[in-house]
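Beneath this line is the structure, given in structure tokens, with notes to follow.
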Amino acid sequence: MRRPISTVETHMGMDRLADQVEKERRDVAIFRAVIEHGPIDIASLAAETDLPEHKVRQSVRMLENDGVVEPSQQGTVPPADVEDQVAAINEGVDHLVDRVEELRSVFSEDVQD
């Protein structure tokens, strides 16, 4: 389910950024469900994550393309290097947080003076 976009998010592409963050949140929720319940099929992933099946299918396809999950005859499974994948995701999130903080600071000093 998509949250309402605030007025601030509609400026300077913030709505696109908010949409991308929501997609990444969805992908991480699906990845976590695969780790906890894999092998798992699309319908079960949808039930576990409370997401529509078409969004789950789209995310699983992207996660497979990125090598984050793997298909099997029994359903989607985590890769053998799941710990490395989780570490890489966490590192990526930390990097994004740093970049958002940098973005926030661009105007904070000028506007407050």
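Those letters in the sequence shown? Residues 3 to 115, by the working numbering.
Yeah, the Cβ is synthetic: ideal placement off N, Cα and C, and Gly gets one too.
Member of the options whose CA lies at the smallest distance from the CA of residue i
i   : options                 : result
A48 : R28, N67 and M64        : R28
Q22 : E104, V95, G40 and F109 : V95
R34 : A89, M16, N67 and R18   : A89
Which of helix, strand or coil DSSP assigns to residue i
i   : result
V70 : coil
C-beta contact flag for residue i and residue j at 7 Å
i   : j   : result
T78 : I42 : yes
S2  : I32 : Given a span of 3 to 115 for the chain in the structure shown, any question on residue 2 remains unanswerable.
E93 : P81 : no
E26 : I44 : no
Exposure of residue i, with buried meaning 16 or more beta-carbon neighbours within 10 Å
i   : result
L65 : buried
L98 : exposed
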